[in-house]
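Here is the structure we will look at.
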Amino acid sequence: MAFKVLTVDHVGVAVKDLQKIKQQMKDIFGLEPSLPDETVEEQHVTTSFYKPSAQTEACELEFLGSTTPDGPIARFIEKANGGKNGFQHVALRVDDIVACLADLQAKEVPLIDKKYRVGAGGCHIAFLHPKATGLLLELTERPGGPSFKA
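So that you can map any letter, position 123 of the sequence shown is 333 in the working numbering, and since no number is skipped, the others follow by simple counting.
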């Protein structure tokens, strides 16, 4: 295999009210976002990341709030999750997203993204189609990885 899965990077949770969940995380767990909130216009979403552990490689929680009533997250909440907050995706951090995507395409794994795009935090990301595993899986390469040097 031409790439390695390094860790579970984050778990994405779709929320109807991003500000409300942020307040709940603070009130219940004493947690503040680990990064400033970021809006990714092309995906119609604002993200808020939480790292529950001081470990640098710890899995993060990514809360996703739609910026439009018809955005992908709003549609997911209404159609796939019965109007409630809920699990949306798991992101796997890979060492080389370009090699990973080439390998998956060679194996004919159904992909949403055949080439990476820029996601929150400047990461290079791509999604597998849920037909591949029954789940929405995101692949992510953090800044500094091989695709950033190309």
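Think of the CB as a built atom: it goes at the ideal place given N, C-alpha and C, for glycine as much as any other residue.
Integer-rounded CB distance, given that residue j should sit under 8 angstroms from residue i
i	j	result
residue 213	residue 280	So it is not a contact: roughly 35 angstroms between Cβ atoms.
residue 293	residue 223	Contact flag wrong, Cβ pair sits at about 15 angstroms.
residue 286	residue 231	Not a contact, Cβ separation roughly 15 angstroms.
residue 299	residue 322	With a Cβ gap of about 11 angstroms, residue 299 and residue 322 do not count as contacting.
residue 270	residue 260	6 angstroms
residue 349	residue 310	6 angstroms
Beta-carbon contacts of residue i that lie in its chain and below 8 angstroms, excluding the five residues immediately before and after
i	result
residue 357	306, 307, 308, 326, 334, 351
residue 236	242
Distance between residue j and residue i (C-alpha atoms, nearest Å)
i	j	result
residue 247	residue 303	20 angstroms
residue 249	residue 313	30 angstroms
residue 347	residue 319	12 angstroms
residue 234	residue 227	11 angstroms
residue 218	residue 301	6 angstroms
residue 251	residue 342	27 angstroms
residue 239	residue 329	27 angstroms
residue 245	residue 316	36 angstroms
residue 336	residue 288	24 angstroms
residue 324	residue 290	24 angstroms
residue 262	residue 359	30 angstroms
residue 211	residue 221	25 angstroms
CB contact below 8 angstroms: residue i versus chain C
i	result
residue 355	Looking at the structure shown, chain C is missing, and only one protein chain is on hand.
Same chain only: Cβ atoms within 6 angstroms of residue i, ignoring 5 sequence neighbours per side
i	result
residue 283	224, 255, 274, 276
residue 278	254
residue 332	353
residue 355	none
Beta-carbon proximity list for residue i, same chain, < 7 angstroms, skipping 5 on both sides
i	result
residue 258	228, 232, 243, 247, 273
residue 216	303, 304, 305
*Go through the segment 282 to 341 residue by residue and report every complete run of the alpha helix (DSSP H) that reaches 4 residues or more, in order.*
282 to 285, 307 to 316
*Going along the chain, which unbroken runs of the beta strand (DSSP E) with 3 or more residues stay wholly within the segment 213 to 245?*
215 to 225
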